[in-house]
Amino acid sequence: MKGNLYTVFFAAMLGIVCASLLTFVAEFTKAAREANTKAEEYRNVFTALQVPFDAKSTGEELEAIYTANITAKPFGDGKEMFIYASADAKDKVLAAAVKVSGPGLWGPIEGVLALEPDMKTIRGLTFYKQEETPGLGGEIAGSAFRDQFVGKSIYDAAGKPGIVIVKGQAGDMINGVDGISGATMTCDKVQELLNTSILEIAEAK
C-alpha cells in the first residue's frame, strides 16, 4: 500500500515539475517566438509583393524594409491589405497583397496573395503554413505550383471573380491553373480559400 502511495505521489510531483518547466520555457521563449513569426510574415509579404530583401536579414532589418515600403490599410472584415508603394512617390502603388487562409485537408493553410496595381492580375502567391501530405498536397508551397498563378487574372473571361484549379484542364484559361496530381482535395481547399479573398477584393472595388 505504501509503495502504491509513493508511486502516485512521485508521479504527481514529477508531473507538476514538468508542467512548471514547460510553462517557464514557453514564457521565456515567447518574445523570440513572436519575433520569428513576425519575421516570417514579413518575408512572405515581401516575396508575394516582390519587394527586394535579403533572405539573411534580421527581424529589425525586415521591419525597416516593411516600414519604408509598405502601408497596411483596413480591408474586409477586420483584415489588412498591404500596399507596396514607391519609396520616392508613395501615391504610386506598385502592388497590393492580402493574407489568405482557410482549412486544408489536414490542417489550416495560410499564405499571401499579391496583385498588380490593376487589382486583377496576380503578382505573387506564397503559402507559409500548411500541414498537407508531403510530396502531394504539400507541394502547394513549392514554386512549381505557386508560379503558375503569376500573371493570371482573378476574374474569368466573363468578368466573374474567382480562380479555378483543375488538373490538366486549365489550358489557356485566364483564371485557371493546373492542379497537383494526387492532391485534388487539397487543391479544392486552396481554390476555396483563394476565392474567398478574391471575392472580398472584388466587392471592395
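For the working numbering, count along the sequence shown from 1 and bump the result up by 52. Cβ coordinates follow ideal geometry from the N, Cα and C atoms, glycine included.
CB contact flag (L114, Y136, <8 Å): For the purposes of this step, residue 114 is taken as residue 62 along the sequence shown, with counting starting at 1. For the purposes of this step, residue 136 is taken as residue 84 along the sequence shown, with counting starting at 1. Not in contact: L114 and Y136 (Cβ atoms no closer than 8 Å).
Per-residue DSSP class, three states only, for A196: Position 144 of the sequence shown, counted from the start, is the residue given in the question as residue 196. The answer is helix: DSSP assigns A196 an H, G or I state.
Quick check on the DSSP output: the alpha helix (DSSP H) that includes L188 runs from which residue to which? Residue 188 sits at position 136 when you count from the first residue of the sequence shown. It is not in any alpha helix (DSSP H) - L188 carries neither H nor E in the DSSP assignment.
Report the three-state DSSP secondary structure of V218 (helix, strand or coil). Counting from 1 along the sequence shown, the entry for residue 218 is found at position 166. DSSP places V218 in coil when its eight states are reduced to three.
As assigned by DSSP and simplified to three states, the class of A137: Taking the sequence shown and counting its residues from 1, the one referred to as residue 137 is at position 85. Strand.
Pull up the distance between the alpha-carbon of L101 and that of E252, whole angstroms please. Here residue 101 is taken as the residue at index 49 of the sequence shown, counted from 1. Here residue 252 is taken as the residue at index 200 of the sequence shown, counted from 1. About 19 Å.
Outcome for K82 when other beta-carbon atoms lying within 10 angstroms are tallied against a minimum of 16: Within the sequence shown, the letter at position 30 stands for residue 82. In this prediction, K82 has a pLDDT of 49, which is less than 50 and means its spatial position is unreliable; what the coordinates show is noted afterwards. Classification for K82: exposed.
Using a Cβ distance threshold of 8 Å, determine whether the segment 232–251 contacts the segment 156–168, with at least three qualifying pairs required. yes
Determine the contact status of S249 and L165, defining contact as a CB-CB distance below 8 Å. The residue you call residue 249 lines up with position 197 of the sequence shown. The residue you call residue 165 lines up with position 113 of the sequence shown. In contact: S249 and L165 (Cβ atoms closer than 8 Å).
Drop a sphere of 10 angstroms on the beta-carbon of N121, count the other beta-carbons inside from all chains shown, and report buried for 16 or more, exposed for fewer. Taking the sequence shown and counting its residues from 1, one reaches residue 121 at position 69. Looking at its Cβ environment, which holds 16 or more other Cβ atoms inside 10 Å, N121 is buried.
Can you list, in chain order, the residues of its chain whose CB lies under 7 Å from that of G220, leaving out five sequence neighbours each side? Locating residue 220 in the sequence shown gives position 168, where the first residue counts as 1. The answer, listed in chain order, is D230.
Where do the ends of the alpha helix (DSSP H) carrying Y118 lie? On the sequence shown, position 66 is the one that residue 118 refers to. Counting along the chain, the alpha helix (DSSP H) containing Y118 begins and ends at G111 to N121.
Is the separation between the beta-carbon of I174 and that of Q182 shorter than 8 Å? Your numbering for residue 174 matches position 122 in the sequence shown. Your numbering for residue 182 matches position 130 in the sequence shown. No, the Cβ-Cβ distance between I174 and Q182 is not below 8 Å.
Extent of the continuous beta strand (DSSP E) run through I174: Translated into positions along the sequence shown, residue 174 becomes position 122. From DSSP, the beta strand (DSSP E) with I174 extends over I174 to K181.
What runs of the alpha helix (DSSP H), each 4 residues or longer, lie entirely inside the segment 142–175? none
For L130, collect the residues of the same chain with a Cβ closer than 6 Å to its Cβ; drop the 5 residues on either side in sequence, then sort them by chain order. Here residue 130 is taken as the residue at index 78 of the sequence shown, counted from 1. The sequence as given places Gly at residue 130; Leu does not occur at that position. Answer for G130: no residue qualifies.
Over the uninterrupted alpha helix (DSSP H) stretch that includes V202, give me the two end residues. Counted from its first residue, the sequence shown places residue 202 at position 150. Taken as a continuous stretch (DSSP letters only), V202 belongs to no alpha helix (DSSP H), as it is neither H nor E.
Under 8 Å between the Cβ atoms of I161 and L245? Against the sequence shown, residue 161 aligns to sequence position 109. Against the sequence shown, residue 245 aligns to sequence position 193. Yes; because the gap between Cβ atoms is below 8 Å, this pair is in contact.
A254 to G176, Cα distance in whole Å? To locate residue 254, count along the sequence shown from 1; it is residue 202. To locate residue 176, count along the sequence shown from 1; it is residue 124. Spanning the two alpha carbons is a distance of roughly 18 Å.
Closest Cα partner of D170 within the set M225, K204 and R198: Numbered from its first residue, the sequence shown carries residue 170 at position 118. It is K204 whose Cα lies nearest to the Cα of D170.
Taking only three categories from DSSP, how would you classify F105? One-based indexing of the sequence shown puts residue 105 at position 53. Three-state result, F105: coil.
For T59 and T89, I'd like the C-alpha separation in whole angstroms. The count along the sequence shown starts at 1 and reaches residue 59 at position 7. The count along the sequence shown starts at 1 and reaches residue 89 at position 37. Approximately 41 Å between the Cα atoms of the pair.
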